[in-house]
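Residue numbers (our numbering), protein chains in the order written: chain A, 1 to 186; chain B, 1 to 186; chain C, 1 to 186; chain D, 1 to 186.
C-beta: ideal position from N, C-alpha, C; glycine also.
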DNA sequence: AATTAAACGAGACGGTACGTCTCGTCTTATT
DNA sequence: AATAAGACGAGACGTACCGTCTCGTTTAATT
């Protein structure tokens, strides 16, 4: 039973404007250059309206992830019947995020956001990265579940992230080697 | 033939003081709260002396990594004869870094530094993370080299980093599952 | 003929709570630090209830003066038979207000309120400062009235205010010199 | 013996730009609406440059008064031989300040500044208000000095200020009555 | 009694300004 | 010429209030 409370209710319009502004600026300039003041300006909102509901820019981004605003439809794996091929394609696509934003790279920014904010880190893995792989990866591993499946998913995604952080190229050969390393040679 | 030049040369004392100050503040407060001004203050050095030699805080940290000041002796793998056990121990040790700094966690800070600075990212992987594993990992994989070896190293280290970013626990079972996934069940 | 109207009438309790809160905060922290939000909080009242009836904090204070809440019983002159002595005592008492509030001084705050708000200024002089003097001062001046009396009252009170604003001390000698200057040497 | 110190010296250009901006905004909008941010904007200066040298807007105005930037040449009394007439003219001129700024009135603003800032209050009386009167007033009083002279000066100026604060008109008759009250009928 | 509408407490909203912090550049005097 | 020191214009930080605007509740006068 909730406490009855009078007064105006939270503005959904402001909430959406803030998340959209945050996502737009994030994609444009990266996590480091994202500022609360910039979000407020872009969203046409008072700063206090942001601080009233989110303690930091990291939490704004975390909520944007939850709403699927940050990486839109990118989360779904293709489903061609060839599990190995689908995984490879998805991982390649993920690596490509590295270079899509101006200056910093969207993947770098997402990692920076995750490093700086617990909630973002939590959601990044569970909702964006490892989760979509699970089904197909389980197939490819012959029905693995639990720690075994989680470890394989983390190994694949983690390797891609590490390569992106190291700014090294990551060609088809490398990707094949990675998939082989984790789910075995066919 | 070098150009003749008058005046004092670069002060090695200042260079060291700056790197030490950067490392101390990094460990204490994390990468996000590390500031050029703070480093200068702590090192007893003018700000210009930092900017003269490094373009950003990320590059200061990158150099500190190169000097081995950031993660000291932690880079070496144990060598007990049991390659699988040595790798597991080293990876567990790496994961533990997650919680060693105040507030943010040293591993999170290192990842943030790598995400924000290309040179740090480059060195992080080549000199700190993947490199030390190579020898023992190659053994464990029956003499693998090249992309195969690199992929396996990235998979192991990347998985640990991803788990750290997600703030999830990572117990012995998980670690064993990871090693099994990458180098096969014994 | 009033328009017929249904609904509740103005709450006298709220009105009094607001004035009392305003006076308390004014005395405590001075006019500059007095805020509408603070008054509402202290009075346990919605902000709109204040804005509904007063356009600014200055007007709240003006009404508090009118109600005699601001300077309580201080407005009355003693009546000992010695008009000169009574005036001197009252003026000295007025000057003493300078130091009675925390930080700013009540007299400074009253002057600031008068400077910032026409209504407060109007009432300050007519009801608080010059008015109480009139009778005894008229006596002391041998029955003067009109501009002559007003000028003398303003000269006495204005001099005290100016001394307070200048933060200079104002001892018995000074006060005697002032009274002599305005109502002549005995 | 001053401590030797290296580093850049305070920028005189910035100091002047700040004082000029403060004076311009003060005259335009009054003391209450004067803001540090507005001064910085108008002066083309970082906020920190103001806060580095002055703790509050009141102190900026106090320094502007000291430099004679606030009331320019207005401080001098005319000298026609008729001391009483000169004083009357000067006091009338002072009262006129009441209405010269938009909205608040310059005299109200000066009083507000003095009420809110000790240094401004101190300088207001000693350098702007009472001081210029002294010579001619002493003449008019037949050579009075010390507390007697100070009291007369404060009475004249204070009365004018009080009338201004009360928003009452103050015509020639009133002014004559005031001068008569303080320096006697001719 | 039922209806109607204003006053109320609470507080969200778009803003402005606060005073502090750091940025990266620049200017000094010293070594 | 490199240094320690630090002033400078710039702008973000997180907080406090501004005055306006809903909300849901309470309370009277009018039906």
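Kindly indicate which three-state DSSP category residue 144(B) falls into: helix, strand or coil?
Residue 144(B) falls in the coil class under three-state DSSP.
Closest Cβ-Cβ distance between residue 162(A) and chain B: below 8 Å?
yes
So what does DSSP say about residue 56(C), is it helix, strand or coil?
coil
Starting from the beta carbon of residue 126(D), find every residue of chain C whose beta carbon is closer than 8 Å, and list them in chain order.
For residue 126(D), the chain C residues whose Cβ falls inside 8 Å of its Cβ are 166, in order along the chain.
Can you grab the Cα-Cα spacing for the pair residue 61(A) / residue 20(A), in whole Å?
10 Å
Nearest-angstrom Cα distance between residue 66(A) and residue 152(A)?
Taking the straight line joining both Cα atoms gives about 24 Å.
Excluding five sequence neighbours on each side, which residues of the same chain lie with their C-beta closer than 7 Å to the C-beta of residue 91(D)?
The answer, listed in chain order, is 156, 160 and 175.
Counting contacts by CB-CB distance shorter than 8 Å, is residue 173(A) in contact with chain B?
yes
Taking the straight line between their C-alpha atoms, what separation do you get for residue 103(C) and residue 31(C)?
Because residue 103(C) carries a pLDDT of 45, less than 50, the predicted location of this residue cannot be relied on, and no value is offered for it.
Could you spell out the range, first to last residue, of the alpha helix (DSSP H) harbouring residue 106(C)?
Note, residue 106(C): alpha helix (DSSP H), 106-116.
Please tell me whether residue 162(B) and residue 59(A) are closer than 8 Å, where the distance is taken between their beta carbons.
Not closer than 8 Å, so no.
Between residue 97(C) and chain D, is any beta-carbon pair separated by less than 8 Å?
no
If you compare alpha carbons, which of 76(D), 85(D) and 147(D) is closest to residue 132(D)?
76(D)
Could you list which residues in chain B have their beta carbon closer than 7 Å to that of residue 78(A), in chain order?
Under the 7 Å cutoff, chain B gives no residues; its nearest Cβ is about 22 Å from residue 78(A).
Does the distance from the CB of residue 118(D) to the CB of residue 83(D) come in under 8 Å?
no
If contacts are defined as beta-carbon pairs under 8 Å, then residue 27(B) and residue 106(B) qualify, I think. What distance do you get, rounded to the angstrom?
So it is a contact: roughly 7 Å between Cβ atoms.
Would you verify that the beta carbon of residue 116(C) is, or is not, closer than 8 Å to some beta carbon of chain D?
Yes, because at least one Cβ of chain D sits closer than 8 Å to the Cβ of residue 116(C).
The alpha helix (DSSP H) with residue 80(B) in it runs from where to where?
Premise fails: residue 80(B) is in no alpha helix (DSSP H) and is neither H nor E.
Which residues in the same chain have their Cβ closer than 8 Å to the Cβ of residue 24(D), if we skip the five residues on either side of it in sequence?
42
In this structure, does DSSP put residue 163(C) in helix, strand or coil?
helix
Using a beta-carbon distance below 8 Å, is residue 108(A) in contact with chain B?
yes
Could you tell me how far apart the beta carbons of residue 111(C) and residue 181(D) are, in whole angstroms, since I believe they sit closer than 8 Å?
Actually they are not in contact, since the Cβ atoms of residue 111(C) and residue 181(D) sit about 22 Å apart, beyond 8 Å.
Where residue 12(A) and residue 63(A) are concerned, what is the direct C-alpha to C-alpha distance, given to the nearest angstrom?
14 Å
Determine the direct distance from the alpha carbon of residue 35(D) to that of residue 177(D), and round the result to whole angstroms.
40 Å
Taking a Cβ distance cut-off of 7 Å, strictly less, list which residues of the stretch 30-48 of chain B are near chain A, in chain order.
32
Between the alpha carbons of residue 126(C) and residue 79(D), how many angstroms are there, rounded?
35 Å
Could you check if residue 18(B) is buried or exposed, using at least 16 other CB atoms within 10 Å of its CB as the buried criterion?
buried
Taking only beta-carbon atoms, is residue 55(C) less than 8 Å away from chain D?
No - not a single Cβ of chain D is within 8 Å of the one on residue 55(C).
What in chain D is Cβ-close to residue 148(C), meaning under 7 Å?
177 and 181
Please determine whether the Cβ atom of residue 42(D) lies at a distance below 7 Å from any heavy atom of the ligand FAD.
Ligands in the displayed structure: none, and consequently the ligand FAD is not present.
Could you give the residue range of the alpha helix (DSSP H) that holds residue 128(B)?
Careful: residue 128(B) lies outside any alpha helix (DSSP H) and carries neither H nor E.
Let's see if you can read the secondary structure: which residues bound the alpha helix (DSSP H) around residue 173(C)?
Here the alpha helix (DSSP H) through residue 173(C) covers 172-183.
With burial defined as no fewer than 16 other Cβ atoms inside 10 Å of the residue's Cβ, what is the status of residue 16(C): buried or exposed?
exposed
Taking all protein chains shown into account, do 16 or more other C-beta atoms lie within 10 angstroms of the C-beta of residue 169(C), making it buried, or fewer, making it exposed?
exposed
Just the C-alpha distance for residue 115(A) and residue 123(A), rounded to the nearest angstrom, thanks.
12 Å
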